[in-house]
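**Student:**
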Amino acid sequence: MATEVSKERYLAEAVEELASLTPDHLREVLYKLKLCRYFDERMEALYRQGRLPGAIYSGRGQEGTHVGVAYALRSDDSLFPTHRDLSAQLTKGLDLNRVMAQFWGRIDGYTRGRDGNSHIGDWKGNRTFAVISHLPIAYPVACGAALAYKRRGEPRVAMAICGDGATSNGRWHEALNVSAIHRLPVVWVVNNNQYAYSTPNELEFAVPSIALRAAAYGMPGVRVDGANVLEVYAAARDAVERARGGDPSLIESVSLRWRGHAGHDPAKYVPRELLEDHVQNKDPVKRFEELLKAHDVIDDDGIKAIQERVGREFDQGYEYAQSSPFPVGSDVTKGLFVEDGYWTGEPSREGGTQS
Ligand SMILES: Cc1ncc(C[n+]2csc(CCOP(=O)(O)OP(=O)(O)O)c2C)c(N)n1
């Protein structure tokens, strides 16, 4: 079972995992980490300035988990995220422009302006299922998708993510049990950020780790360090491979939620020293950047270029969202039903007013 490792040990020991990806892939992973971090920081700033409507559920500090698991999926595999997993969705390849349009309720958003930022998904295109509020509903739904892949003989995998708190719900246990009995091609990810809203792990479960629970359902379970994106990726890659061969498994990736549950929550219940330790010593983005530099996979110019790229992409996304129209009233019944396997009814592009 993995335990947290110091920065020094991380730099020394990650070499084997480094070798499992090409330098281009490693740089791509760094780009994804930086994109997710930058997106999170800028969106929070806009929210605090009153320029972003709705709520925000920051995943800052958990990018190692999100990028690590989603990077192991193929494009035709499917991802079933929950409210804090936008970074996993972006890693899987959701279009940043459309994500931004979604946040501002515009017609080019994934729900065509019907929702703010809480239920983003692109099932038809990117194979990321739209987030459902009830926790952990993504789990049983992923079970259904995996059953469909198996029955159709499609070599595809479903991956579902939920938080530590959601594992206390009966549906989480039912989903794991059904997946094991029917040998479904599914990967169960628990993003253990140590808090379910204000409830700490020790008040959520009495076992030493969530990964241990896998044994009760007859599947492998592994606990990984969410600060180490390569360790997360390696566990996810193995689990995806196992799933493609017909067997489910469970990954618990441990990090800390650096921000409150949502934008309104100052998270005063999180001990200051714990937060400081994670921000200073267990930052998954900084760690990976240092690792790649130490192994000459990237230099300062390369890092600067990635940073400039994510800044540019964010700015473009912001402009795209602001220039996308709001939906019109007559669109309200369009695209509600699926016919012949596809959404029907394209939204009207005229008539929406902009603020
Ligand atoms: C069945 C259900 N009960 C309660 C809620 C309200 N709720 C939303 S998020 C949340 C905390 C979830 O904690 P966790 O699963 O650890 O995920 P995190 O927010 O930490 O990422 C709760 C209780 C819900 N959405 N669904």
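Residue numbering for the sequence shown is 2 to 356, as defined by the numbering used here. For each residue, glycine too, the CB sits at the ideal point set by N, CA and C.
Per DSSP, what kind of secondary structure is GLU253 in: helix, strand or coil?
**Tutor:** The residue you call residue 253 lines up with position 252 of the sequence shown. GLU253 falls in the strand class under three-state DSSP.
**Student:** Taking 7 Å as the cut-off, is the C-beta of ASN192 nearer than that to any heavy atom in ligand 1?
**Tutor:** If you number the sequence shown from 1, residue 192 lands on position 191. For ligand 1, at least one heavy atom lies less than 7 Å from the Cβ of ASN192.
**Student:** Do the CB positions of PHE420 and LEU36 come within less than 8 Å of each other?
**Tutor:** A query on residue 420 cannot be resolved here, the shown segment of the chain reaching from 2 to 356 and no further.
**Student:** Could you tell me the distance, in whole angstroms, from the CA atom of PHE289 to the CA atom of ALA235?
**Tutor:** Against the sequence shown, residue 289 aligns to sequence position 288. Against the sequence shown, residue 235 aligns to sequence position 234. If I take the Cα positions, the gap works out to 14 Å.
**Student:** For ALA102, count the other beta carbons within 10 Å of its own beta carbon; 16 or more makes it buried, fewer makes it exposed. Which is it?
**Tutor:** Sequence index remark: in the sequence shown, residue 102 carries index 101 (1-based). Its Cβ being crowded by 16 or more others within 10 Å, ALA102 is buried.
**Student:** What does DSSP give as the partner residue(s) for PHE81 in the beta ladder?
**Tutor:** Along the sequence shown, one-based indexing puts residue 81 at 80. Beta-bridge pairing links PHE81 to ALA161.
**Student:** Whole-angstrom Cβ separation of ALA228 and GLY65, contact assumed at under 8 Å?
**Tutor:** Taking the sequence shown and counting its residues from 1, the one referred to as residue 228 is at position 227. Taking the sequence shown and counting its residues from 1, the one referred to as residue 65 is at position 64. So it is a contact: roughly 5 Å between Cβ atoms.
**Student:** What span of residues does the alpha helix (DSSP H) with GLY171 cover, start to end?
**Tutor:** Numbered from 1 along the sequence shown, position 170 holds the residue referred to as residue 171. Where GLY171 is concerned, the enclosing alpha helix (DSSP H) stretches over 171 to 182.
**Student:** Hey, would you say the C-beta of ARG61 is under 7 Å away from at least one heavy atom of ligand 1?
**Tutor:** As a first step, residue 61 is located in the sequence shown; it is residue number 60 there, counting from the start. Answer for ARG61: no, Cβ out of range of ligand 1.
**Student:** Extract the residue ranges of the alpha helix (DSSP H) inside the region 199 to 239, only unbroken runs of 4 or more that lie entirely within it.
**Tutor:** DSSP runs (the alpha helix (DSSP H)) wholly in the region 199 to 239: 215 to 218.
**Student:** Check TYR196 in the structure and name its three-state DSSP category.
**Tutor:** As a working note, residue 196 is residue 195 in the sequence shown. In the structure shown, TYR196 sits in a strand (DSSP, three-state: E or B).
**Student:** Along the chain, which unbroken stretches of the alpha helix (DSSP H) at least 4 residues long are found entirely within the region 76 to 142?
**Tutor:** Counting only runs of 4 or more, we get 87 to 93 and 97 to 104.
**Student:** Give me the Cβ distance between VAL223 and ARG214, rounded to the nearest whole Å; I'm assuming they're in contact under 8 Å.
**Tutor:** The residue you call residue 223 lines up with position 222 of the sequence shown. The residue you call residue 214 lines up with position 213 of the sequence shown. VAL223 to ARG214, Cβ: 12 Å. No contact.
**Student:** Taking all protein chains shown into account, decide if ALA159 is buried (16 or more other Cβ within 10 angstroms of its Cβ) or exposed.
**Tutor:** Stepping through the sequence shown from its first residue, residue 159 is reached at position 158. Per the 10 Å Cβ criterion, buried.
**Student:** Among LYS269, ILE57 and LEU251, whose alpha-carbon lies nearest the alpha-carbon of TRP173?
**Tutor:** For the purposes of this step, residue 173 is taken as the residue at position 172 of the sequence shown. Ranking LYS269, ILE57 and LEU251 by Cα distance to TRP173 puts LEU251 first.
**Student:** Since GLN317 is in the alpha helix (DSSP H), which residue starts that stretch and which ends it?
**Tutor:** Against the sequence shown, residue 317 aligns to sequence position 316. Taken as a continuous stretch (DSSP letters only), the alpha helix (DSSP H) holding GLN317 covers 301 to 324.
**Student:** Determine the closest residue to ILE307 out of LEU31, ALA46 and THR92, with distance taken between C-alpha atoms.
**Tutor:** Counting from 1 along the sequence shown, the entry for residue 307 is found at position 306. The shortest C-alpha separation from ILE307 is found at LEU31.
**Student:** Buried or exposed, going by whether 16 or more other CB atoms sit within 10 Å of the CB of GLU232?
**Tutor:** Here the question's residue 232 lines up with position 231 in the sequence shown. Per the 10 Å Cβ criterion, buried.
**Student:** Can the beta-carbon of PRO285 be found less than 8 Å from the beta-carbon of LEU27?
**Tutor:** In the sequence shown, the residue the question calls residue 285 occupies position 284. In the sequence shown, the residue the question calls residue 27 occupies position 26. Taking 8 Å as the Cβ cut-off, PRO285 and LEU27 do not qualify as a contacting pair.
**Student:** Between SER134 and ligand 1, is the CB less than 7 Å from at least one heavy atom?
**Tutor:** As a working note, residue 134 is residue 133 in the sequence shown. Result yes, Cβ under 7 Å from ligand 1.
**Student:** Given this structure, state the Cα-to-Cα distance separating TYR111 from PHE206, to the nearest angstrom.
**Tutor:** Along the sequence shown, read from residue 1 onward, the residue named residue 111 stands at position 110. Along the sequence shown, read from residue 1 onward, the residue named residue 206 stands at position 205. Whole-angstrom Cα-Cα distance: 36 Å.
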